[in-house]
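Since the structure comes first, as structure tokens, the remarks are kept for the end.
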Amino acid sequence: MPAPSTRLDPALRNTPYGFRFRFFAHARTQNVKYSNELKVGLTIVVTVIVFALGFRFLSNLPLLQGSYQLHTRLGEANGLVEGNPVRISGVQVGSVKKVALSPGQDAVRVVFRVDSDVKVPEGSRTKITGLSALSGTQLTIEPGPRSNPPVKSGGLIPSKPQTDVLGNLSRRTPDLINHADSLLLNVSAAMRSANETFEGASTLLSDSDSDLSRTLKAVRQSTQALRRVVESQDHRIDQVMKNTEAASSDLRAFTDENADSLDVAVTRLNGAMRSLNDNLASLDTTTARLNTITTRIERGDGSLGRLINDSTLYMRIDSTAGRLSFMLEDFQKNPERYLDEMTLVEIF
């Protein structure tokens, strides 16, 4: 079937049929024109909507929810950049819009958005939390009393003084390490001296030809020297403990914000300090016991003390040993002298 013609026969141009034909042809042309304009308009509207939604998504803003702006002033940015989250009690309620120096360049001005359904009461404070090295920096709002009126759009929220925990730790760590190293070296030297003293005392006590009195006096002097070494380190121990306490305070503040990151490190540090204190207590106990033994020996208590301090007893033992040795030699040379008076039954 042939397609209908879109051209009008010249013979019918001025007839009623011709007028109707021209009217409908004009209307059809206008409809095609309006259809193209409508398509272009819809394309522009959809593009604008997609762009707006994408911008809000990249800015960490709710796609279909309104927001209002607030700003704050900070001493340092500490890694805070545009797009970082804004949180209240750990819940994200907005995002950072702009981070720049204030006009006087004496502070950092931060502009941020907050969801329209979240009201920030007056008396609230802002602070930067998280670690920039771990890409976890965020702006945290500590809300004020709920009874206070909310801060209006464009209002200023004061900031809370920042605690440079890492800076404080970095400044105090070298001093703490130096004191700990010095303390460990002195304790190690004291332990070596004690071991050498104990080994020397054991050797001298096992040698029957040595002068026991002088040896024990030397042991006592070494013990006293060891005690003085330990006591001389008391101030260093106190200094180490003070530095540790100060570092623990900073670590406590740091742990409140980053508990998961530092819990293992703090536990290991506390365990090392407890082990060091236990070793020092054990060394003091051993020194006290050795002091007690040497004091009792010098005082003449016990057999060893009487042997060292009573020369008469030593002479008697020496005389008795000499007589016994002479008797054994005489018995070996003249056994009949001792066996003549013994009967066979008495012997066996």
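Per this note's numbering, residue 75 is the first one in the sequence shown, and the count goes up by one each step.
All C-beta atoms, glycine included, are put in the ideal place defined by N, C-alpha and C.
Roughly how many whole angstroms lie between the Cα atoms of residue i and residue j?
| i | j | result |
| --- | --- | --- |
| Q313 | H253 | 8 Å |
| Q212 | R147 | 15 Å |
| S296 | S349 | 26 Å |
| D189 | V120 | 25 Å |
| G115 | V122 | 11 Å |
| G164 | T203 | 11 Å |
| E270 | A346 | 26 Å |
| G370 | A292 | The residue you asked about is not Gly; residue 370 is Arg in the sequence shown. Using only the alpha carbons, I get a separation of about 15 Å. |
| F451 | E410 | For residue 451 there is no data in the structure shown, the boundaries of the chain being 75 and 422. |
| D324 | R373 | 54 Å |
| R403 | D375 | Residue identity differs from the one stated: residue 403 is Glu in this sequence, not Arg. If I take the Cα positions, the gap works out to 36 Å. |
| I118 | G228 | 32 Å |
| Q406 | T359 | 53 Å |
| R390 | N408 | 26 Å |
Is it the case that the Cβ atoms of residue i and residue j are separated by a distance below 8 Å?
| i | j | result |
| --- | --- | --- |
| G197 | N222 | yes |
| K234 | E216 | yes |
| L257 | Q298 | no |
| R310 | T368 | no |
| V167 | E156 | no |
Taking the alpha carbon of residue i as the point to measure from, which residue in the options has its own alpha carbon closest?
| i | options | result |
| --- | --- | --- |
| F186 | V192, Q143 and D358 | Q143 |
| D352 | T386, V261 and A181 | V261 |
| S322 | S306, I371 and N344 | N344 |
| D191 | E403, K226 and D255 | K226 |
| K171 | S141, L325, Q307 and T341 | S141 |
| E153 | V124, I123, R342 and V184 | Looking at the sequence provided, one finds Gly at residue 153 rather than Glu. Among V124, I123, R342 and V184, the Cα nearest to that of G153 belongs to V184. |
| L357 | E305, V114 and R326 | E305 |
| E150 | V165, D180, T318 and A320 | D180 |
| R199 | T368, H145, E156 and G178 | H145 |
| F272 | A320, G229 and L364 | L364 |
| R302 | K113, R373 and S267 | S267 |
| A264 | T214, I391, L354 and M315 | L354 |
| Q236 | T341, G178, T394 and K201 | K201 |
Throw me the rounded Cβ distance for the residue i and residue j pair, which I believe falls under 8 Å.
| i | j | result |
| --- | --- | --- |
| L300 | T361 | 6 Å |
| S169 | V182 | With a Cβ gap of about 17 Å, S169 and V182 do not count as contacting. |
| P195 | P232 | Not confirmed; about 13 Å, so no contact. |
| D249 | N317 | 6 Å |
TODO: Write down every uninterrupted run of the beta strand (DSSP E) in the region 142 to 224 whose length is 3 residues or greater and which is fully enclosed by it, in chain order.
DONE: Whole beta strand (DSSP E) segments, 3+ residues: 159 to 162, 165 to 175, 182 to 189, 199 to 203 and 212 to 216.
- [ ] Return the chain-ordered ranges of every alpha helix (DSSP H) run that is complete within the region 296 to 375 and spans a minimum of 4 residues.
- [x] Listed in chain order, the alpha helix (DSSP H) elements of length 4 or more contained wholly in the region 296 to 375 are 308 to 331 and 333 to 373.
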